[in-house]
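Novice: Numbering (full-length UniProt numbering), first residue to last: 1 to 67. Right, I'll just put the structure down here and ask away after.
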């Protein structure tokens with residue numbers, strides 16, 4: 001599944017997919033439905049609960065203590 005990034009629609013990408021003779025099919029997400037992009041959910045979860053939600057000093061301290 002791909003979003004509408006122009007790089008995903010280049011002739012080179014089409015040629016690569018065609019060279020696989022049906023073993024790969026590209027499915028493009030609608031341009032007006034960003035909530036259908038599965039990558040976005042992962043980014044949001046990471047920002048809310050992952051490292052980016054914690055202060056850098058806290059992570060450095062955890063590294064020093066071996067946690």
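Every residue, glycine too, gets a C-beta built ideally from N, C-alpha and C.
Between which residues of its own chain and residue 27 is the CB-CB distance below 6 Å, once the five residues before and five after are set aside?
Specialist: Looking up residue 27 in the chain shown gives position 27. Excluding positions up to five away in sequence, the list reads 1.
Novice: Quick one: measure Cβ to Cβ for residue 3 and residue 29, integer angstroms, because I've assumed they're closer than 8 Å.
Specialist: Here residue 3 refers to the residue found at position 3 of the chain shown. Here residue 29 refers to the residue found at position 29 of the chain shown. Yes, they are in contact, since the Cβ atoms of residue 3 and residue 29 sit about 5 Å apart, within 8 Å.
Novice: Please report the distance separating the alpha-carbon of residue 25 from that of residue 9.
Specialist: Stepping through the chain shown from its first residue, residue 25 is reached at position 25. Stepping through the chain shown from its first residue, residue 9 is reached at position 9. Roughly 13 Å separates the two Cα atoms.
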